[in-house]
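Chemist: The sequence shown begins at -11 in the numbering used here and counts up by one.
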Amino acid sequence: MKSYFTIFETDLGWMGIAWQSKQIRETQLPQRNKDILSFSMEREHQGKKAPLWVEKIIQKMQRHLQGSEEDFQNLPYFWDKVTDFQRKVYQGALQIPYGKVVSYKGLAEQIGKPKAARAVGQALSKNPFPLIVPCHRILASGNRPGGFTAYGGLNTKEKLLQIEGYSWGKSPRKKS
């Protein structure tokens, strides 16, 4: 079955989203270069104008990057390309509230695998849905940033957390 993608602009740069049928196949975090992003997505997907249901997700992502708390929990994710363990990790990450963080160990405990912190980190490094499955909300022990394999590395992770009102060593902002 064919999958499609579109590129869109956000306050942090160009992002991509791919879909198949009525499910999200992948997302790409903001990048400065639209052409490089498009080239990388063309390897697996065909470019296409987004259908309305994808446009609504794009709008949510754009609002999120402007500081709006958006809910991505019940989106139609394409889980077929991830292992059962990865899916548990990603679904666990979806439970972490906006502006909050947990450790890799904390997420491992949350999904019932308390000794799997390193495996959780490995699963998150393969997250096909960055931003909407918020792998940026998972930190190493001691409130350290840990890893982040997406474009921009730890700078991107820090920007995403700052948008949510979190900064290293500080509490998230209070909602009024």
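Cβ coordinates follow ideal geometry from the N, Cα and C atoms, glycine included. Computed from a predicted model, the values in this text were never measured in an experiment.
Once the 5 residues before and after Lys163 are set aside, which same chain residues still bring their CB inside 6 Å of it?
Modeler: Indexing the sequence shown from 1 puts residue 163 at position 175. Summary for Lys163: the model assigns pLDDT 42, below 50, so the residue's position carries little reliability, and this model does not support an answer.
Chemist: Using DSSP with H/G/I as helix, E/B as strand and the rest coil, what is Tyr86?
Modeler: Translated into the one-based positions of the sequence shown, residue 86 becomes position 98. Residue state, collapsed to three classes: coil.
Chemist: Mind checking Gln150: buried by the 16 CB within 10 Å criterion, or exposed?
Modeler: As a first step, residue 150 must be located in the sequence shown, where it is residue number 162. The residue in question, Gln150, is exposed, as its Cβ has fewer than 16 Cβ neighbours within 10 Å.
Chemist: Assuming Ala128 contacts Tyr92 (C-beta within less than 8 Å), just tell me the rounded distance between them.
Modeler: Position 140 of the sequence shown, counted from the first residue, corresponds to residue 128. Position 104 of the sequence shown, counted from the first residue, corresponds to residue 92. Rounded, the Cβ-Cβ distance is 6 Å, consistent with contact.
Chemist: With the cut-off set at 8 Å, would you say Tyr(-8) and Gln19 are in Cβ contact?
Modeler: In the sequence shown, residue -8 corresponds to position 4, counting from 1. In the sequence shown, residue 19 corresponds to position 31, counting from 1. The answer is no: Cβ separation not under 8 Å.
Chemist: Ignoring anything shorter than 4 residues, give me the alpha helix (DSSP H) runs that lie fully in the stretch 66 to 121, in order along the chain.
Modeler: Entirely contained in the stretch 66 to 121, the alpha helix (DSSP H) runs reaching 4 residues are, in chain order, 72 to 82, 92 to 98, 105 to 112.
Chemist: Say yes only if the C-beta of Leu142 is nearer than 7 Å to one or more non-hydrogen atoms of the ligand GTP, and no if none qualify.
Modeler: Summarising the ligand content, the structure contains no ligands, and the ligand GTP is consequently not present.
Chemist: Hey, how far is the Cα of Glu30 from the Cα of Leu142?
Modeler: Residue 30 sits at position 42 when you count from the first residue of the sequence shown. Residue 142 sits at position 154 when you count from the first residue of the sequence shown. Answer to the nearest angstrom: the Cα atoms are 26 Å apart.
Chemist: Counting C-beta neighbours from all protein chains within 10 Å, is the total for Trp2 16 or more, i.e. buried, or is it exposed?
Modeler: Position 14 of the sequence shown holds residue 2. The residue is buried, with at least 16 neighbouring Cβ atoms inside 10 Å.
Chemist: Can you tell me which of Pro102, Met(-11), Gly153, Gly140 puts its alpha carbon nearest to the alpha carbon of Arg125?
Modeler: Translated into positions along the sequence shown, residue 125 becomes position 137. Nearest of Pro102, Met(-11), Gly153, Gly140 to Arg125, Cα basis: Gly153.
Chemist: I need the DSSP call for Phe136, collapsed to helix, strand or coil.
Modeler: Taking the sequence shown and counting its residues from 1, one reaches residue 136 at position 148. Note: Phe136 maps to coil in three-state DSSP.
Chemist: Based on the DSSP secondary-structure assignment, which residues constitute the bridge partners of Tyr(-8)?
Modeler: Reading the sequence shown from its first residue, position 4 is the one you call residue -8. Partner(s): Trp7, Gln34.
Chemist: Identify every residue that forms a DSSP beta bridge with Asp43.
Modeler: Indexing the sequence shown from 1 puts residue 43 at position 55. The sequence shown places Glu at residue 43, rather than the Asp named in the question. Beta-bridge pairing links Glu43 to no other residue.
Chemist: Can you give me the C-alpha to C-alpha distance between Gln8 and Asp59, rounded to a whole angstrom?
Modeler: By one-based count along the sequence shown, residue 8 stands at place 20. By one-based count along the sequence shown, residue 59 stands at place 71. Near 21 Å, if we compare the C-alpha coordinates of Asp59 and Gln8.
Chemist: With distance defined between alpha-carbon atoms, name the residue in Lys(-10), Tyr86, Met(-11), Gln50 nearest to Gly4.
Modeler: Counted from its first residue, the sequence shown places residue 4 at position 16. Among Lys(-10), Tyr86, Met(-11), Gln50, the Cα nearest to that of Gly4 belongs to Gln50.
Chemist: Which one of Ser56, Leu17, Thr(-6), Pro133 has the shortest CA to CA distance from Leu40?
Modeler: One-based indexing of the sequence shown puts residue 40 at position 52. For the residues Ser56, Leu17, Thr(-6), Pro133, the minimum Cα distance to Leu40 belongs to Thr(-6).
Chemist: Is Ile99 near Lys69, with beta carbons less than 8 Å apart?
Modeler: Counting from 1 along the sequence shown, the entry for residue 99 is found at position 111. Counting from 1 along the sequence shown, the entry for residue 69 is found at position 81. Contact: no.
Chemist: Which of helix, strand or coil does DSSP assign to Leu148?
Modeler: By one-based count along the sequence shown, residue 148 stands at place 160. Helix, per DSSP.
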